[in-house]
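Undergrad: Please see the structure below; I have some questions.
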Amino acid sequence: MALRLFNTMSSQIEEFRPLRDQEVRMYACGPTVYDYGHVGNFRTFVAVDLLRRFFRQSGYAVRHVMNITDVDDKIIRNAASDGVSVQQYTAKYEKAFLEDAAMIGIEEPMLVRATEHIPEMAVFVSKLVEKGFAYRSDDGSYYFRIAKFPQYGKLSKKDFSGMLDGARVDVDEYDKDSARDFALWKAPKPGEASWDTPIGPGRPGWHLECSVMSMEELGETFDLHAGGEDLVFPHHENEIAQSESLTGKPFARFWFHARFLLVEGEKMSKSLGNFFTLRDLVLKGHKPSSIRYLLTSVPYRSQLNFTFDGLKQAAVSVERLRNFRLRLSAGNFSPGATSQMQALAEQSVERMTGALDDDLNTAQAQAAIFEMVRQANAAFDTGGIKQDDVPPLLSALTKFDEIFAVLDDDDVPKMERVLDWAVSEGREKDISDELRAALQSGQLSDADIEKKIAEMQAARAARDFKASDAIRAELAEAGILVEITKDGIRWRRK
Ligand code: AMP
Ligand code: ZN
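Numbering (numbering that gives the first Met the number 0), first residue to last: 0 to 493.
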């Protein structure tokens, strides 16, 4: 089966095939770097990361470009009030964004920065003017003339037919020939950062940057354009208008939009106190892997309700998968293979791939791997797994993790970095006891703990209970609870 994806342009699920045989060219709108990214932003970025990883697993080479919006009104205002240059201001948040993205397992796309493409943007505007799609206002700003692009609204399915040239919808409208005309290029106000270009001084509009940089890196027509659902209108609609009026060719073939994340059922907002950056969540003691897992647990086209209960559940799920992998790689199995386990591994991979092929149904892909773990764990306890069953089961987990990227136990160093950052920013008061406790118990990786448990088992077998108790006490100190049952020794983190 081939990948089928919902295309916002056609409002339908379509079979996805790239234009060039084996290469997917995709562009995702990136962050505006004026603050730390919040968990909603990362829902969209993780969804795009998952898509990119699945393209690769499906055999495509992927050229994935993402912009960094490093100049806009807010940035200019904030930089001025901090008394620093735009570049100094954005450098800090761009770095933070890249660190956060890496923390949550996002593979780095090719990055393009608005401020590094100003001359190309000016050329683009002047070409639009030449073709009659853009005009200059008295103050030196440039606007796109929407009346010249009758397909305007085709992505968002908004009907603009009643709003022709001259319709008045906002107070600034006297500036423009049409109420819907949008700024391509903004002339500087006194004291504002601006660039000198052949079309005059100013700075690019946000829509313009994405059109110019995506086509520059990926060609006039490329395979897929992604972003959060709020970008459909006006951002993506405007990108289409600018790009297609200039080239006369279709811009992006597929439009991929992630639905919004809510927090505890509400829109995230600072005033409601439910606005969380990734760093806020880690400071509360949550692991990056739990956050990533939770963000991927709801298919990207469904609204995701982010709750702290859900986050705890996600932590348990990740732990379960990690423990299963350890159990497989550390266990002793009798020689041979079983047809049940061989079939289970094979069918689980098929179900997982089938679910992802079905418009990235991540929930079903996760359900498939959990069903495998449930059945294999049951078989484990009754000796139903043989030596040669281990590689296919492990390889199913690997395949899962190529997409979901939560199995490697690297949470502790990542959390330590957030803690160090909080200290360096003078935010010690935000470091929760939970984070400190998690770091303490997390000092031992799962593999370390398994090793200690094996030593404990060996000591007990040799009836050296003193040694066994010493190991147990050492583990307790590190926040690991050890339970001795008739079936063996179990452990969990406190
Ligand atoms: P921004 O930095 O505001 O331009 O946003 C970066 C990305 O995050 C865009 O693709 C937005 O659509 C997306 N985004 C913003 N808020 C949310 C949210 N609550 N849920 C999902 N995606 C979001
Ligand atoms: Zn964009």
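By construction, the Cβ of each residue, glycine as well, lies at the ideal position given by its N, Cα and C atoms.
Is residue 209 near ligand 1 - that is, is its Cβ less than 7 Å away from at least one heavy atom of it?
TA: For ligand 1, not one heavy atom lies less than 7 Å from the Cβ of residue 209.
Undergrad: Give every residue of the same chain whose Cβ lies closer than 7 Å to the Cβ of residue 133, excluding the five residues on either side of it in the sequence, and list them in chain order.
TA: If we look at residue 133 and ignore the five residues flanking it on each side, its Cβ neighbours are 124, 127, 141, 142, 143, 144 and 183.
Undergrad: Anything with a beta carbon under 6 Å from a heavy atom of ligand 1 counts; list them all in chain order.
TA: Qualifying residues, in the order they occur: 28, 30, 31, 39, 40, 42, 43, 226, 227, 229, 230, 257, 259, 260 and 267.
Undergrad: Using only CA atoms, which one of 43, 41 and 239 lies nearest to residue 155?
TA: Per the Cα distances, 239.
Undergrad: By Cβ distance, which residues of its chain are closer than 8 Å to residue 87, with the 5 residues on each side in sequence left out?
TA: Within the same chain, residue 87 has close Cβ partners 78.
Undergrad: Only counting the same chain, and skipping five residues up and downstream in sequence, which positions put a Cβ closer than 7 Å to that of residue 455?
TA: If we look at residue 455 and ignore the five residues flanking it on each side, its Cβ neighbours are 467, 470, 471 and 488.
Undergrad: Check whether the Cβ of residue 37 lies closer than 7 Å to any heavy atom of ligand 2, and answer yes or no.
TA: No, the Cβ of residue 37 stays beyond 7 Å of every heavy atom of ligand 2.
Undergrad: Looking only at DSSP bridge pairs, what is residue 37 linked to?
TA: 276.
Undergrad: Taking the alpha-carbon of residue 382 as reference, which of 403, 414, 336 and 390 has the nearest alpha-carbon?
TA: For the residues 403, 414, 336 and 390, the minimum Cα distance to residue 382 belongs to 336.
Undergrad: In this structure, does DSSP put residue 359 in helix, strand or coil?
TA: Residue 359 falls in the coil class under three-state DSSP.
Undergrad: Going straight from the alpha carbon of residue 399 to that of residue 189, what length do you get?
TA: Going by the C-alpha atoms only, they are around 54 Å apart.
Undergrad: Under a Cβ-count criterion, where at least 16 other Cβ atoms within 10 Å of its own Cβ denotes burial, should residue 493 be classed as buried or exposed?
TA: Under this definition residue 493 is an exposed residue.
Undergrad: Assuming residue 438 and residue 417 are in contact, meaning their beta carbons sit under 8 Å apart, how far apart are those beta carbons, in whole angstroms?
TA: Between residue 417 and residue 438 the Cβ distance is about 10 Å, and since that is not below 8 Å, they are no contact.
Undergrad: Leaving out five residues before and five after residue 360 in sequence, what residues of the same chain have Cβ atoms less than 6 Å from its Cβ?
TA: Here the set comprises 298 and 354.
Undergrad: For a test of the three-state rule: what should DSSP assign to residue 58, helix, strand or coil?
TA: DSSP places residue 58 in coil when its eight states are reduced to three.
Undergrad: On the DSSP letters alone, give me the boundaries of the alpha helix (DSSP H) that residue 437 sits inside.
TA: Its alpha helix (DSSP H) spans residues 432-440.
Undergrad: How many Å lie between residue 209 and residue 247 at the Cα?
TA: Approximately 17 Å, taken between the alpha carbons.
Undergrad: Leaving out five residues on either side along the sequence, give the residues of the same chain with a beta carbon under 7 Å from the beta carbon of residue 362.
TA: Here the set comprises 296, 297 and 298.
Undergrad: Any heavy atom of ligand 2 within a distance shorter than 7 Å of the CB on residue 238?
TA: For ligand 2, at least one heavy atom lies less than 7 Å from the Cβ of residue 238.
Undergrad: Buried or exposed for residue 236, going by 16 or more other Cβ atoms inside 10 Å?
TA: The residue in question, residue 236, is buried, as its Cβ has 16 or more Cβ neighbours within 10 Å.
Undergrad: Is the beta carbon of residue 6 within less than 7 Å of some heavy atom of ligand 2?
TA: Checking the Cβ of residue 6 against ligand 2 gives no.
Undergrad: In chain order, what residues of the same chain lie with their CB nearer than 7 Å to the CB of residue 452, ignoring the 5 residues before and after it?
TA: For residue 452, where only same-chain residues beyond five positions count, the Cβ hits under 7 Å are 488 and 490.
Undergrad: Does the distance between the C-beta of residue 234 and the nearest non-hydrogen atom of ligand 2 fall short of 7 Å?
TA: Result yes, Cβ under 7 Å from ligand 2.
Undergrad: Looking only at its chain, what residues have a beta carbon closer than 6 Å to the beta carbon of residue 207, apart from the 5 residues adjacent to it on each side?
TA: Answer for residue 207: 120 and 183, listed in chain order.
Undergrad: Spatial neighbours of residue 63 within its chain, please: CB distance less than 6 Å, with the 5 preceding and 5 following residues excluded, ordered by chain position.
TA: Cβ neighbours of residue 63 beyond the five flanking positions: 25, 51 and 108.
Undergrad: Under a three-way DSSP split, which group does residue 198 fall into?
TA: If DSSP states are grouped into helix, strand and coil, residue 198 belongs with coil.
Undergrad: Note down, one range per segment and in chain order, each alpha helix (DSSP H) of at least 4 residues found wholly within the region 40-102.
TA: Fully enclosed alpha helix (DSSP H) runs of 4 or longer: 72-81 and 85-102.
Undergrad: Residue 227: buried (16+ other C-beta within 10 angstroms of its C-beta) or exposed?
TA: Residue 227 comes out buried.
Undergrad: For a test of the three-state rule: what should DSSP assign to residue 256, helix, strand or coil?
TA: Residue 256 falls in the strand class under three-state DSSP.
Undergrad: Which one of 356, 34, 324 and 60 has the shortest CA to CA distance from residue 1?
TA: Closest by alpha carbon: 356.
Undergrad: Quick check on residue 232: does DSSP put it in helix, strand or coil?
TA: In this structure, residue 232 counts as helix in the three-state DSSP scheme.
Undergrad: With distances taken between CB atoms, is the gap from residue 117 to residue 93 smaller than 8 Å?
TA: Their beta carbons are not under 8 Å apart, which means residue 117 does not touch residue 93 by this criterion.
Undergrad: When you compare the region 303-323 with the region 284-295, are there three or more beta-carbon pairs, one atom per stretch, that lie closer than 8 Å?
TA: Touching, yes, given that three or more Cβ pairs across the two stretches are closer than 8 Å.
Undergrad: Going by the C-beta, is residue 66 closer than 7 Å to any heavy atom of ligand 2?
TA: Yes, the Cβ of residue 66 comes within 7 Å of a heavy atom of ligand 2.
Undergrad: Within its chain, find whatever has a CB closer than 7 Å to the CB of residue 494; leave out the 5 residues flanking it on each side and keep chain order.
TA: The structure shown does not extend to residue 494, since the chain spans only 0 to 493, so no value can be given for it.
Undergrad: So what does DSSP say about residue 166, is it helix, strand or coil?
TA: In this prediction, residue 166 scores a pLDDT of 43, lower than 50, which makes its location untrustworthy; the coordinate-derived value is nonetheless stated afterwards. The answer is coil: DSSP assigns residue 166 none of H, G, I, E or B.
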